[in-house]
Ligand code: ADP
Ligand code: MG
């Protein structure tokens with residue numbers, strides 16, 4: 270196993286389109302790194318450059334102590350699992366698993382032992398004599414995983430491997446893959462993983478760290494908690510978390526009693542915010558998570574007055590949508606604390622919890638409310 274290091278890696282496609290703009294990323298040995306971002310942000314391009322399936326237009330890729338820029342995929346010590354499984358349709362599962370080792374001319378008994386071990390780990394023993402077309406989606410994905418695992422690669426690459434599965438199966442495969450990663454780590458055979466997804470739930474639950482991408486740039490690399498608590502910019506803040514963080518233009522006046530102004534309404538927030546926000550005054554983007562926006566009676570001190578536009582009853586909680594001028598907000602309220610007399614069109618107070626307020630630069634989107642540390 271080995272660490273992976275991308276240094277100023279760029280990609281310009283043949284048609285002149287620059288898909289990747291000089292990215293730097295270090296994945297430690299045994300680390301589970303997730304690349305996440307909206308469709309088209311260059312996750313697959315980045316992964317395919319690591320794999321050697323796509324040339325690199327600039328920069329260096331290191332796997333372990335080797336620069337692999339000019340190595341063919343087969344020499345890079347990687348194994349890749351794709352969304353569409355890419356199993357050989359005419360081969361039974363057993364041969365699909367063992368084929369890579371056969372190509373490497375490993376002795377027969379070793380191949381058999383490896384096939385048995387991997388099929389045990391992934392619980393696919395009963396599938397060994399089937400053809401891919403006789404497998405369900407989840408079974409086929411386990412075989413695809415087995416085919417990567419059996420190679421004992423330096424680095425595992427996954428490109429949206431669960432996207433074709435239904436929600437329930439996706440959830441169980443998620444756990445299966447992270448369990449396997451933990452198990453390999455515990456056995457002293459840590460697996461370095463780069464896992465691409467556009468699904469923030471996969472990213473947050475699977476990654477040791479997460480690399481959030483946008484338009485071929487890295488927006489932030491951090492562990493799940495840091496991404497959620499201290500997003501580096503408004504893009505990450507809006508991308509991570511459900512429902513999305515409320516992000517609206519506001520005016521901030523710092524001081525002992527800092528003031529936030531929104532559509533002519535001014536509220537005072539607790540002093541701690543001024544401590545976290547140095548040298549900022551004027552136009553900002555206010556960010557507050559729906560879970561951290563209190564709904565209070567209209568007219569309550571230091572709450573914005575808003576009109577309810579929609580109520581979504583989710584079972585254990587209620588999503589309350591409300592509008593202040595043309596700014597839309599969502600607040601999540603635990604069902605047992607929801608006031609059932611509230612209706613669409615009613616006025617309520619919205620009170621951001623001071624310690625959870627984020628402020629972003631109105632132009633660059635950079636988070637200006639994180640204490641520098
Ligand atoms: P993602 O996997 O994040 O959805 P991709 O890496 O597939 O994104 O694509 C990144 C960008 O590069 C997109 O704008 C896509 O249209 C473009 N792109 C991908 N492949 C090619 C190609 N072969 N030629 C030109 N542009 C490409
Ligand atoms: Mg992709």
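Numbering (this note's numbering), first residue to last: 270 to 642. Cβ coordinates follow ideal geometry from the N, Cα and C atoms, glycine included.
Cβ pair residue i, residue j closer than 8 Å
{"i": "residue 430", "j": "residue 481", "result": "no"}
{"i": "residue 475", "j": "residue 443", "result": "yes"}
{"i": "residue 321", "j": "residue 277", "result": "no"}
{"i": "residue 627", "j": "residue 436", "result": "no"}
{"i": "residue 562", "j": "residue 613", "result": "no"}
{"i": "residue 300", "j": "residue 314", "result": "no"}
{"i": "residue 542", "j": "residue 633", "result": "no"}
{"i": "residue 549", "j": "residue 621", "result": "no"}
{"i": "residue 422", "j": "residue 346", "result": "yes"}
{"i": "residue 564", "j": "residue 617", "result": "yes"}
{"i": "residue 576", "j": "residue 602", "result": "no"}
{"i": "residue 296", "j": "residue 464", "result": "no"}
{"i": "residue 596", "j": "residue 517", "result": "yes"}
{"i": "residue 390", "j": "residue 449", "result": "yes"}
{"i": "residue 271", "j": "residue 462", "result": "no"}
{"i": "residue 553", "j": "residue 294", "result": "no"}
{"i": "residue 426", "j": "residue 340", "result": "no"}
{"i": "residue 598", "j": "residue 591", "result": "yes"}
{"i": "residue 558", "j": "residue 467", "result": "no"}
Bridge partner(s) assigned by DSSP for residue i
{"i": "residue 629", "result": "554, 636"}
{"i": "residue 333", "result": "BP columns for residue 333 are empty, so no partner."}
{"i": "residue 532", "result": "Beta-bridge pairing links residue 532 to no other residue."}
{"i": "residue 619", "result": "564, 573"}
{"i": "residue 541", "result": "BP columns for residue 541 are empty, so no partner."}
{"i": "residue 377", "result": "DSSP lists no partner for residue 377."}
{"i": "residue 428", "result": "465"}
{"i": "residue 302", "result": "463, 478"}
{"i": "residue 483", "result": "486"}
{"i": "residue 349", "result": "426"}
{"i": "residue 587", "result": "582, 602"}
{"i": "residue 402", "result": "In DSSP, residue 402 forms no bridge with anything."}
{"i": "residue 597", "result": "592"}
Given residue i as reference, the closest of the options once Cα atoms are compared
{"i": "residue 521", "options": "453, 555, 511", "result": "555"}
{"i": "residue 515", "options": "552, 545, 544, 560", "result": "560"}
{"i": "residue 509", "options": "304, 497, 378", "result": "497"}
{"i": "residue 338", "options": "594, 519, 275, 434", "result": "275"}
{"i": "residue 415", "options": "441, 383, 439", "result": "383"}
{"i": "residue 615", "options": "623, 589, 624, 630", "result": "589"}
{"i": "residue 372", "options": "434, 551, 419, 307", "result": "419"}
{"i": "residue 594", "options": "540, 441, 578", "result": "578"}
{"i": "residue 544", "options": "428, 292, 432, 623", "result": "623"}
| query | Would you call the segment 501 to 509 and the segment 519 to 534 in contact, with 3 or more CB pairs under 8 Å? | reply | Flag = no, the segment 501 to 509 and the segment 519 to 534 do not touch.
| query | Looking at C-beta atoms only, is the number of pairs between the segment 395 to 413 and the segment 339 to 355 that lie closer than 8 Å three or more? | reply | Yes, the segment 395 to 413 is in contact with the segment 339 to 355.
| query | Between the segment 276 to 285 and the segment 451 to 459, do three or more beta carbon pairs fall short of 8 Å? | reply | With a cut-off of 8 Å, the segment 451 to 459 and the segment 276 to 285 do not count as touching, because too few Cβ pairs lie within range.
| Given 8 Å as the limit, is there contact between the segment 323 to 332 and the segment 393 to 405, that is, 3 or more CB pairs closer than that? | Between the segment 323 to 332 and the segment 393 to 405, the count of Cβ pairs shorter than 8 Å is below three; the stretches do not touch.
| request: Pair every Cβ in the segment 477 to 494 with every Cβ in the segment 588 to 608, then say whether three or more of these pairs are closer than 8 Å. | output: Contact between the segment 477 to 494 and the segment 588 to 608 is absent, with fewer than three C-beta pairs closer than 8 Å.
| Does the segment 564 to 576 come close enough to the segment 481 to 490 to have 3 or more Cβ pairs within less than 8 Å? | The way I'd put it, the segment 564 to 576 doesn't touch the segment 481 to 490; fewer than three beta-carbon pairs between them come closer than 8 Å.
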